[in-house]
Amino acid sequence: MQLALFLIFGGLAVAGALNLLLQRHPINSALSLVVVMMSLAVLYWSLGAEFLAASQVIVYSGAIMVFFVFVIMLLNAGEEERTTGSRAAYLVGFPGAAAIFCLLSFVFLSERKALGYTNIGGYLNHITSNISEISTILFTKLLLPFEVTSILILVAILGAVVLARKEQ
């Protein structure tokens, strides 16, 4: 069951991410991002992290996406015009991406013992509550990344306000 959920919603997340990149209109890209976030929430739920799944839906699919749409509307971003890429970019880009993919695949598949194995759930100990473990780890071991993320979000908000402000 878990494998089927992973394959279905993992594929849906990848398809949503590709659609996010290929859309020309920013609002359609934002809706594709909602699909990705909801798929990730189902994956979290299937791994036993119910609180993380609920947080994903409420915070990212709800609040952050409303913020993104607000910024898109504030900046009045319309449909972008397609530009023609240079032929050299296509000649170098696709083989380069394929070479990087092959190299990473070789490294990950041949050196599996050197890379080690990860425990699903990372730091979480399943003896106690999911919520208490996440909060303890978030505000002790991961406090600096948490605060840096808060500052980055604040800078993004200030940047959007500065960009959207009309010149007087």
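Residue numbers (our numbering): 84 to 251.
Glycine included, C-beta positions come from ideal geometry on N, C-alpha and C.
All of these numbers come straight from a predicted model, not from anything done at the bench.
A direct Cα-Cα distance of roughly 23 Å separates G176 from G99. Shown here for I155: same chain residues with a beta carbon closer than 8 Å to its own, the five before and five after excluded, namely P109, I110, A113 in chain order. DSSP places I147 in no alpha helix (DSSP H); its state is neither H nor E. Rounded to the nearest angstrom, the Cβ distance from L86 to V125 is 14 Å, too far for a contact under 8 Å. Per DSSP, G93 is one residue of the alpha helix (DSSP H) stretching across 85-105. Rounded to whole angstroms, the gap between the alpha carbons of E216 and I141 is 20 Å.
DSSP places T219 in the helix class (H, G or I) of the three-state scheme.
No Cβ-Cβ contact shorter than 8 Å links F150 with N213.
The C-beta distance from A239 to L158 rounds to 12 Å, too long to meet the 8 Å contact threshold.
It is roughly 31 Å from the alpha-carbon of S122 to the alpha-carbon of P178. One alpha carbon belongs to L103, the other to M148, and they sit about 13 Å apart.
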